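S.K.:
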Amino acid sequence: MSNRTLHGPRATSSAPAAEPIQLKASRVKWSRLLKFLLQVGLIAGVATAIGLYITGASLFLHANGIVTRERIRVASPFEARITDVYVHPGDSVIQGQQIARVESGWMLRTMTDIAAERARISTRVAQLEARRSFIAATLPVAETSAKQAKQFMDELDKARAQGLAVWRSTQEISAAWLIAQDKAAGLRAERESLETELAVNRSALVDATKAHDDLKHAYNDGVLFAASTGIVGPTVGVAGQVLTGQNSVADIYVGSSFVLAYLPDSYLMDLDEGDHVCVRAYNRTFNAKIESILPVTEAMPAEFQIPVKVRDRGQLVKVELLDPTTFAIGQKIDVTGSVTGDCKVGVGTIATQTIARLKGLMQTAAAKAM
Numbered sequence: 002m003s004n005r006t007l008h009g010p011r012a013t014s015s016a017p018a019a020e021p022i023q024l025k026a027s028r029v030k031w032s033r034l035l036k037f038l039l040q041v042g043l044i045a046g047v048a049t050a051i052g053l054y055i056t057g058a059s060l061f062l063h064a065n066g067i068v069t070r071e072r073i074r075v076a077s078p079f080e081a082r083i084t085d086v087y088v089h090p091g092d093s094v095i096q097g098q099q100i101a102r103v104e105s106g107w108m109l110r111t112m113t114d115i116a117a118e119r120a121r122i123s124t125r126v127a128q129l130e131a132r133r134s135f136i137a138a139t140l141p142v143a144e145t146s147a148k149q150a151k152q153f154m155d156e157l158d159k160a161r162a163q164g165l166a167v168w169r170s171t172q173e174i175s176a177a178w179l180i181a182q183d184k185a186a187g188l189r190a191e192r193e194s195l196e197t198e199l200a201v202n203r204s205a206l207v208d209a210t211k212a213h214d215d216l217k218h219a220y221n222d223g224v225l226f227a228a229s230t231g232i233v234g235p236t237v238g239v240a241g242q243v244l245t246g247q248n249s250v251a252d253i254y255v256g257s258s259f260v261l262a263y264l265p266d267s268y269l270m271d272l273d274e275g276d277h278v279c280v281r282a283y284n285r286t287f288n289a290k291i292e293s294i295l296p297v298t299e300a301m302p303a304e305f306q307i308p309v310k311v312r313d314r315g316q317l318v319k320v321e322l323l324d325p326t327t328f329a330i331g332q333k334i335d336v337t338g339s340v341t342g343d344c345k346v347g348v349g350t351i352a353t354q355t356i357a358r359l360k361g362l363m364q365t366a367a368a369k370a371m
């Protein structure tokens, strides 16, 4: 009886011993499968990362841009030196507001020379008009004298033919008639030439006066005004700075802000006007849309370049900001594609929502199956 009690437990203990072996084998299989899946996932992730690094710019929109506005330059149309500046970077100005005052020695000399030339022409016109008045007064007298001398000479010729006059008297009268005739003809010719000379000098006087007035209006005592209402840019001239044709006193940004982006040449996908995009700066993302794709390319600014690469060029794209006051002028912006149409709803959010929906559908299906 004791042997039964000894063999009984052995027989009963052999059955549960097979269970841990099966569980262990099952766990080993699942561990290998999980390890295999992790390895495959790791390889796929590395391959995907390499592929995105190589072709990411070609398949996904990612462009660099700068926030800007339409710009009006405040500059001197002539070489000058800044004497006073009345604005600072970032100031809001209105149309007609004084920006700076300049002084130009070249402009002052030019206006002085033109004023002197205008005075000389005015004097010449006055002299010609006086001469014309003199001719107008003396020409009738000269013509009358010539006419009287001619009549007297004709009477002497008749008297000489009758023997009543001497030859010498006839010669003297003929000489006097010729002198009077020459004087009258000279005055008539001078009168005609004076009209032409007066017309030319008057035209020159008008041109000189207009040139002087235009220069004076352009110089405007050296005061430069704002041509439109806007915001003064970050670069403003200083007193004592010499202005040439290549620099200015300040830039005024007018209108609403927009992003001028540089579309990479390697981007292969279609991009149309009106497409929704995302603009991001300082970890803040906002909605925007493509306003226009400009038919020009330009070298990317230095801050967008990688030092070891050749300087890239990109097609210019104008991006409309739905909230133009969000970013500051001149701020660097990253422009990316918008998958959902709303940049605040990311891919991770969509994936989480999709998984939650699938889980709910599976639970519903399992409940119906039971």
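Residue 25 in our numbering sits at position 24 of the sequence shown, with consecutive numbering throughout.
For glycine and all other residues, C-beta sits at the position ideal for the given N, C-alpha and C.
As the structure is a computational prediction, the values presented were derived from the model and not from experiment.
(1) Give me whichever residues DSSP pairs with Arg322 in a beta bridge.
(2) Mind checking Ser77: buried by the 16 CB within 10 Å criterion, or exposed?
(3) Using only CA atoms, which one of Tyr254, Val239, Pro302 and Ala150 lies nearest to Glu173?
(4) Looking at the strands, I want to know which residues DSSP matches up with Glu104.
(5) Provide the residue(s) that pair with Asp183 in DSSP beta bridges, ordered along the chain.
(6) For Ile174, name the three-state secondary structure that DSSP assigns.
(7) Could you check what DSSP says for Leu60 in three-state terms: helix, strand or coil?
(8) Between Lys184 and chain D, is there a C-beta pair that is closer than 8 Å?
(9) Count Cβ pairs between the segment 95–103 and the segment 240–260 that sit closer than 8 Å; are there 3 or more?
(10) Report the CB separation of Ile334 from Val318 in whole angstroms; it is logged as a contact under 8 Å.
(11) If we ignore side chains and look at the alpha-carbon of each, how far apart do Pro302 and Tyr263 end up?
(12) Within its chain, find whatever has a CB closer than 7 Å to the CB of Lys217; leave out the 5 residues flanking it on each side and keep chain order.
(13) Go ahead and pull the three-state DSSP assignment for Phe259.
(14) Looking at the structure shown, is Ser229 part of a helix, part of a strand, or coil, going by DSSP?
(15) Return the Cβ separation of Ser123 and Leu206 in integer angstroms, given the expectation that the two are a contact with Cβ distance under 8 Å.
(16) Where does Ala300 fall in DSSP's three states?
(17) Just to confirm my understanding: we take Val144, look at its own chain, exclude 5 residues before and 5 after, and list those with CB closer than 8 Å. What are they?
(18) Suppose contacts are defined by Cβ-Cβ distances below 8 Å. Is Leu322 in contact with Ser258 by that definition?
(19) Between the Cα of Ile115 and the Cα atoms of Leu199, Asp215 and Asp155, which residue gives the shortest distance?
(20) With Val126 and Asn221 assumed to form a contact (beta carbons below 8 Å), what rounded beta-carbon distance in angstroms separates them?
(21) Quick one: Cα of Thr84 to Cα of Thr236, how far?
(22) Under DSSP, the beta strand (DSSP E) around Ile334 begins and ends at which residues?
M.R.: Taking the structure as given:
(1) Before going on, a small fix: residue 322 reads as Leu here, not Arg. Paired residues: Ala289.
(2) Ser77 is classed as buried because its beta carbon has at least 16 other beta carbons within 10 Å across all chains shown.
(3) For Glu173, the nearest C-alpha among the options comes from Ala150.
(4) Arg82
(5) Asp183 is not bridged to any residue.
(6) helix
(7) Unreliable positioning characterises Leu60 in this predicted model, as indicated by a pLDDT of 45, which lies under 50. A coordinate reading is not provided.
(8) The question asks about chain D, but that chain is absent: this structure has only one protein chain.
(9) The segment 95–103 vs the segment 240–260: in contact.
(10) Actually they do not touch by this definition, with Cβ atoms about 12 Å apart.
(11) 9 Å
(12) Met112
(13) strand
(14) For Ser229, the three-state secondary structure derived from DSSP is coil.
(15) 6 Å
(16) strand
(17) The amino acid occupying residue 144 in the given sequence is Glu; Val does not appear at that position. So the qualifying residues of the chain are Ala185.
(18) Result yes, Cβ atoms of Leu322 and Ser258 sit closer than 8 Å.
(19) Asp215
(20) Not quite, the Cβ-Cβ distance comes to about 29 Å (not below 8 Å), so this is no contact.
(21) So the alpha carbons of these two residues sit roughly 17 Å apart.
(22) In the DSSP assignment, Ile334 falls within the beta strand (DSSP E) that extends over Lys333 to Gly338.
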